[in-house]
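Student: Here it is, the structure, as structure tokens.
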Amino acid sequence: MLIVLSDEQCLLSDNNDLIDDCNCRISDLIELNNQRLYPLLHKIVNKNYFRFFPVNLRKKCLFWSDNSHCSRRTCAIKQCPIEDLPELLRDKILHPPESCLVNPNNSSLGLINKNISEEHQQTIQNWIQYDVQSENFCDVDDETSTDLEYIDLSINLERFTGYTGPSTQRVWSAIYNENCFFLPDSKIYYDLKQKRLNAHKMCVEGRTFYRLISGLHTSITVHLCAQYFFSIVGGGYTGSDGRWGPNFDEFKHRFDPETTGGEGPKWLKNIFFIYLIELRAIYKARRFFKGQTFFTGNKTDDLHMKELFTKQFIKEIKPYANYFNEHNLFQNGNRLLKAEFKEHFRNISHIMDCVGCDKCKLWGKLQIQALGTALKILFTEQTIQLQRSEIVALINGFNRLSTSIYHLEQTFKTCIKKDT
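Under numbering that gives the first Met the number 0, the first residue of the sequence shown is numbered 0, with each subsequent residue one higher.
Next up, the structure:
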């Protein structure tokens, strides 16, 4: 069990090294991740195919009117010049699809009457949207939208931005309490307002849902603690007047049992749970990935990218791909419970549009989409089909989890040690 002690020690007890519901040892995952996957993922996500993420940061918040937009420099997104984009993505921006035109010289006898009432047009659009989104566990941004931007993730790193207070608390409160588990008659309802949760008493679906959100939240918190900005005295908060580094006091405050009602160690453990789920999804989609060209226009780089991912990476995760078994969820064809689970998760992706910090929103949307894509792969009843944005999100999201595990063992090593 992971314990952050008040004397700046963290205990990893071999007696509780197993990840609940997965029968996999934390120590084995740490070795896999830190020795093999973490350096490999670093190479993969810095390739052009995974470096540019299409995202719409201008969507309206559907849940409340948010005037608390972060104006700090560290919250802002660094724009990606069009010339830096791979050729394929550059063409999408410079040459959007044009509408087909009818040749006036052609005979009108063969023309089809395409007049459809506005009501029926909207109905058909709803059908199309339903068919496209039916297998999705999150809201995927429309890649044809004029508000879509390609963001260079390599120059917009996830780290502490100073975006704190009521606004960010409201987002996480909506995710945990108001959005997903507010229906008393819900099959996966449980009271998250209590400080102590008896997770072992929940149904496996409810327990899984909570641990996914908790693991994601915890992973993001670890990133911010590891990449914290210490401003110089009197220098203000500009993102340049100071230094970046790990904040051990903040890490302790976030995960110490004394400040978290004993929950902090469980939250840390949930990182490994979501890590296994996304790992399982990537491996399950291996045939789909092997059929991808990872095209960017640079043939040499594309071939190297495919070699790294479909051969080296897939080979490394194979021995760990079956520790999580998705068939333990929604047994006996429980479609209603699955639909409810899916709908709750989609709502979470909409909540991310309410984040008032652009950089936080970027990484929040990416990591929610990564988890949603993983769930889509695990539970789809159709042939796996993914958009480019889903592929980019999934691998970058998994890299974020990998980075969190690396930080737990390396960055916070002075605070974390094994019981002897």
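Every residue gets a Cβ at the ideal spot worked out from N, C-alpha and C, and that includes glycine.
1. Shortest alpha-carbon distance to Thr-295 belongs to which of Glu-380, Arg-387, His-222, Ile-316?
2. How about Val-170 and Val-354: do their beta carbons lie closer than 8 Å?
3. Please identify the residue among Asp-140, Ser-401, Leu-17, Leu-156 whose C-alpha is closest to the C-alpha of Trp-243.
4. Between the C-alpha atoms of Pro-38 and Gln-311, what's the straight-line distance to the nearest angstrom?
5. Is Ile-270 near Ile-404, with beta carbons less than 8 Å apart?
6. Near Asn-327, what residues of its chain come up, given a Cβ to Cβ distance below 7 Å and the 5 sequence neighbours on each side ignored?
7. Can you tell which of His-303, Ser-401, Glu-342 has the C-alpha that lies nearest to the C-alpha of Leu-215?
8. Taking only the alpha-carbon atoms, compute the straight-line gap between Leu-36 and His-406 and give it to the nearest angstrom.
9. Measuring straight from C-alpha to C-alpha, what distance separates Asn-333 and Thr-372?
10. Under 7 Å Cβ to Cβ from Tyr-46, same chain only, skipping five residues before and after it: list those, please.
11. Counting beta carbon pairs with one atom in the segment 143-151 and one in the segment 341-355, are three or more of them shorter than 8 Å?
12. For a test of the three-state rule: what should DSSP assign to Gly-363, helix, strand or coil?
13. Give the straight-line distance between the Cα atoms of Glu-315 and Leu-335, rounded to the nearest whole angstrom.
14. Give the straight-line distance between the Cα atoms of Pro-183 and Phe-208, rounded to the nearest whole angstrom.
15. Please state if the CB of Tyr-322 and the CB of Asn-22 are separated by a distance shorter than 8 Å.
16. Consult DSSP for Pro-53 and reduce its assignment to one of helix, strand or coil.
17. Reducing DSSP to helix, strand and coil, say where Cys-356 ends up.
18. Rounded to whole angstroms, what is the Cα-Cα separation between Asp-190 and Thr-259?
19. Which one or two residues does DSSP pair with Cys-224 in a beta bridge?
20. Please report the distance separating the alpha-carbon of Asp-19 from that of Leu-147.
21. Just how far apart, CA to CA, sit Glu-306 and Gly-164?
22. The beta strand (DSSP E) that contains Arg-35, what's its start and end?
23. Within the same chain, show all residues whose beta-carbon is closer than 6 Å to that of Arg-57, passing over the 5 residues directly before and after it, in chain order.
24. Helix or strand or just coil, what does DSSP make of Gly-214?
25. Output the boundary residues of the alpha helix (DSSP H) element that contains Trp-171.
26. To which residues of the same chain is Gln-409 closer than 6 Å at the C-beta, ignoring the five residues directly before and after it?
27. Is Asn-395 near Val-54, with beta carbons less than 8 Å apart?
28. What are the partner residues of Ser-230, as DSSP defines its beta bridges?
29. DSSP three-state call for Glu-249: helix, strand or coil?
30. Using a 10 Å radius around the Cβ and a threshold of 16 neighbouring Cβ atoms, would you call Thr-160 buried or exposed?
31. Candidates Tyr-149, Ser-230, Arg-279: which alpha carbon is nearest Asn-246's?
32. Report the three-state DSSP secondary structure of Tyr-149 (helix, strand or coil).
33. Considering only C-alpha positions, which residue in the set Phe-411, Leu-28, Ala-173, Ile-25 is nearest to His-222?
34. Got a sec, what are the start and stop residues for the alpha helix (DSSP H) Arg-158 sits in?
35. For Lys-289, which residues of its own chain have a beta-carbon under 7 Å away from its beta-carbon, when the five flanking residues on both sides are left out?
36. Of all Cβ atoms in chain E, is any one closer than 8 Å to the Cβ of Lys-298?
Tutor: In this structure, then:
1. Arg-387
2. yes
3. Leu-156
4. 12 Å
5. yes
6. Val-203
7. Ser-401
8. 14 Å
9. 21 Å
10. It should be noted that the sequence gives Lys, not Tyr, for residue 46. Correct list, in chain order: Asp-300, Met-304.
11. no
12. helix
13. 36 Å
14. In this prediction, Pro-183 has a pLDDT of 47, which is less than 50 and means its spatial position is unreliable; what the coordinates show is noted afterwards. For Pro-183 and Phe-208, the distance between alpha carbons rounds to 16 Å.
15. yes
16. strand
17. coil
18. Caution is warranted here: a pLDDT of 47 is assigned to Asp-190, below 50, making its placement in the model unreliable, and the coordinate value is therefore given only provisionally. Distance between the alpha carbons of Asp-190 and Thr-259 is about 17 Å.
19. Cys-224 pairs with nothing; no bridge assigned.
20. 39 Å
21. 44 Å
22. Per DSSP, Arg-35 belongs to no beta strand (DSSP E) and is neither H nor E.
23. Asp-146
24. helix
25. 165-172
26. none
27. no
28. Gly-241
29. helix
30. buried
31. Ser-230
32. strand
33. Phe-411
34. Neither: Arg-158 is in no alpha helix (DSSP H) and is coded neither H nor E.
35. Thr-309
36. This model lacks chain E altogether, as it is built from one protein chain only.
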